[in-house]
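Heads up: the structure comes next, in structure tokens.
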Amino acid sequence: MRRSKKFAFPILAYFLAMLLLLTACSTKEGSGDQAGEGKTTVTMWHGLTSIDLDNMNKVVKAFEEKNPTIKMKLVYTESSEGSDQKLLTAVAGGNPPDVALFDRFKVGTWAAQGSLTDLSSMAAESGIRKEMYYPFAWEESSYQGKLYAMPMDTDSRLLFYNKDHFKEVGLDPNKPPQTIAELEAAAEKLTIKEGKRFKRIGFIPWYSQGWLYTWGWAFGGEFKDAATGKITANDPKVVEALQWMTDFGKKYNVEDIAGFTSAAGTEEMDPFISGQISMKITGNFTVKGIEKFKPDLNYGVAPIPTPTGTNFTTWSGGGSAIIPKGAKNVAAAWKFLEFLGKEEGQTLLNADSQISVIDSVNDKYGYKDDPIMKEFINILPNSHNRPVIPEGQLLWNELASATEKATRGNGTPKENLDRVTETVNKALEKYDK
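In mature numbering (1 follows the signal peptide of the UniProt record, and there is no 0), the protein residues as written are -29 to -1, 1 to 404.
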């Protein structure tokens, strides 16, 4: 049946009105607009809560006092894959926020697809230089020699060990293991097993933050060729690290270990806190949990053991601030990133919360006078960052899969790491065109 034309224009007008309304709503949530009285509104999407949000509000207050023509508008977007998709949609639609807080791990992927604003020239004009930051933080914020993010905070990973357990089995609580051999010997002494059940286990290489990145670097390997940009997950030293992890699993029965780790639950039930595991690799982010749930835990931290007991290292991640491609107020947004990345902003941002990416700020916090926190700070000059590539998440997933397969006897470490290398390098080929 033919529809009467007299209804067409009212219906069209209705949909146009709705489209304009939706566009207006979208604009309010995306890039900032004029705040009135000559002020520019800079909209920032974030996923901060608790003390981190309190500290960011202090940064914003100090920034606005120094920049009276700029008004910051903070919009909470829950940290999840959904928030990533929301930001990508906003960028694709030409209406992103002016600033977004962002995991540095994702910089390579987003920069490669053209979703981030190149900050290099603005940084140079503002006196922002890589020498101001820990090397890994600047490198992880950059892609193909250009800066795409302002590093905000960081972390590092160490060996946590229970000093009371050490005393109990005759180990010196002030001499944690430094070599892989010493780590193995301590783990054996500390382990208590009844049949297939661990009453207590000394150590599990892949537990918590014991990723292959952790051990590959500890064994002296590299995951990326700096000259060619190719992934080298099958570096002989990385293979050696995974072989060691696999042998450890065979010694203690990987299925029995799996039964033990599957019972681990919330932070409150962390087996290190409850005394069910004597040593583990984890980061400074665990310290707050210990203070909250087991403040009397007698523990220490030490560099991650290496085969030689020298050349200690770790790896670090952290957050950053980016200006999405297509942001409307780039100049004002950069002003905020500049403030956030310099000493005053860093001091306000990370107080009682995170480790700063600027060494002098960590001095101000007194971290280097704290017997636990100073170890996390001291290792930072020797820290690594995960390879900044467009397929960073793929590499992460493939390494985790290789570890799982090798430790469970599904292929040798070399076979699995050859597959990782081939898979990721093949995925990277499309970015070379």
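Even glycine gets a Cβ: it sits at the ideal position worked out from N, Cα and C.
Where DSSP assigns a beta bridge to Lys164, which residues make up the other side?
-> Phe169
Under the assumption that Ile326 contacts Glu314 (Cβ atoms under 8 Å), give the Cβ distance between them as a whole number of angstroms.
-> Your pair Ile326 and Glu314 does not check out as a contact, with CB atoms roughly 15 Å apart and the cut at 8 Å.
DSSP state of Arg128, grouped into three classes?
-> strand
What are the start and end residues of each continuous alpha helix (DSSP H) run of 4 or more residues lying completely inside the segment 78 to 161, in chain order?
-> 78 to 83, 91 to 97, 106 to 111, 134 to 139 and 151 to 161
How big is the Cα-Cα spacing for Gly246 and Lys42?
-> 50 Å
Express the C-alpha separation of Gly220 and Pro384 in angstroms, rounding to a whole number.
-> 13 Å
Rounded to a whole number of angstroms, what is the C-alpha to C-alpha distance between Lys401 and Lys138?
-> Between Lys401 and Lys138, the C-alpha separation is close to 56 Å.
Relative to the C-alpha of Met93, which residue among Met344, Tyr119, Pro207 and Tyr114 is closest?
-> Tyr119
Between the C-alpha atoms of Val225 and Ala158, what's the straight-line distance to the nearest angstrom?
-> 15 Å
Would you call the segment 267 to 274 and the segment 142 to 154 in contact, with 3 or more CB pairs under 8 Å?
-> Yes: the two stretches touch, three or more of their Cβ pairs being nearer than 8 Å.
Under 9 Å between the Cβ atoms of Ile348 and Lys335?
-> no
Which two residues bound the contiguous beta strand (DSSP E) that contains Ile293?
-> Its beta strand (DSSP E) spans residues Gly290 to Ile293.
Span of the alpha helix (DSSP H) holding Ala229?
-> Per DSSP, the continuous alpha helix (DSSP H) segment holding Ala229 begins and ends at Val225 to Ser233.
Per DSSP, what kind of secondary structure is Ala(-6) in: helix, strand or coil?
-> Because the pLDDT at Ala(-6) is just 39, under 50, the model does not fix this residue reliably, and the point stays unresolved.
Straight-line Cα distance separating Lys32 from Leu45 | The alpha-carbon atoms of Leu45 and Lys32 are separated by roughly 12 Å.
If Ser324 sits next to Tyr105, beta carbons under 8 Å apart, how far is it from one beta carbon to the other, in whole angstroms?
-> Between Tyr105 and Ser324 the Cβ distance is about 17 Å, and since that is not below 8 Å, they are no contact.
Look up Thr329 in the DSSP assignment and say whether it is helix, strand or coil.
-> Strictly speaking, residue 329 in this sequence is Ile, with Thr absent from that position. Residue state, collapsed to three classes: coil.
So Phe194 packs on Lys208, CB below 8 Å; how close in whole Å?
-> The beta carbons of Phe194 and Lys208 sit about 10 Å from each other, so the pair does not count as a contact at 8 Å.
Hey, quick one: how far does the beta strand (DSSP E) through Thr14 stretch, first residue to last?
-> Lys10 to His17
Hey, would you say Ser136 sits closer than 9 Å to Leu161, going by beta carbons?
-> Here the sequence assigns His to residue 136, which means Ser is not the residue at that position. Taking 9 Å as the Cβ cut-off, His136 and Leu161 qualify as a contacting pair.
Quick one: grab the DSSP three-state call for Thr50.
-> Before going on, a small fix: residue 50 reads as Ser here, not Thr. Coil, per DSSP.
What did DSSP end up calling Trp177 once you bin it into helix, strand or coil?
-> Trp177 falls in the coil class under three-state DSSP.
Could you spell out where the beta strand (DSSP E) holding Thr253 opens and where it closes?
-> Met250 to Gly254
Check whether the Cβ atoms of Leu217 and Gly380 sit closer than 9 Å, and answer yes or no.
-> Before going on, a small fix: residue 217 reads as Thr here, not Leu. If you check the CB distance, Thr217 and Gly380 come in under 9 Å.
Going by C-alpha distance, which of Ala292, Leu24 and Ile248 is nearest Lys170?
-> Nearest C-alpha to Lys170 among Ala292, Leu24 and Ile248: Ile248.
Exposed or buried, which one is Pro39 when buried takes at least 16 other CB atoms within 10 Å?
-> Label assigned to Pro39: exposed.
Hey, would you say Met103 sits closer than 9 Å to Pro68, going by beta carbons?
-> It is not a contact, given that the beta carbons lie outside the stated cut-off.
Alpha-carbon spacing of Pro122 relative to Trp109, whole angstroms | 7 Å
Proximity winner among Pro276, Ala303, Gln317 and Arg128, relative to Ser331 (alpha-carbon distances) | Gln317
Which residue comes first and which comes last in the beta strand (DSSP E) that contains Val70?
-> Val70 to Asp74
So, using beta-carbon positions, are Ile294 and Trp81 closer together than 9 Å?
-> no
How is Ile202 classed by DSSP in three states: helix, strand or coil?
-> strand
Label Ala212 either buried or exposed according to how many other C-beta atoms from any shown protein chain fall within 10 Å of its C-beta, with 16 as the threshold for buried.
-> buried
Identity of the residues DSSP links to Asp60 by a beta bridge | Correcting the residue identity first, residue 60 is Thr in this sequence and not Asp. In the DSSP output, where bridge partners are listed per residue, Thr60 has none listed.
Nearest residue (CA-CA) to Glu309, options Asn368, Ser291, Gly116 and Asn333 = Ser291
For Trp286, the three-state DSSP class (helix, strand or coil) | strand
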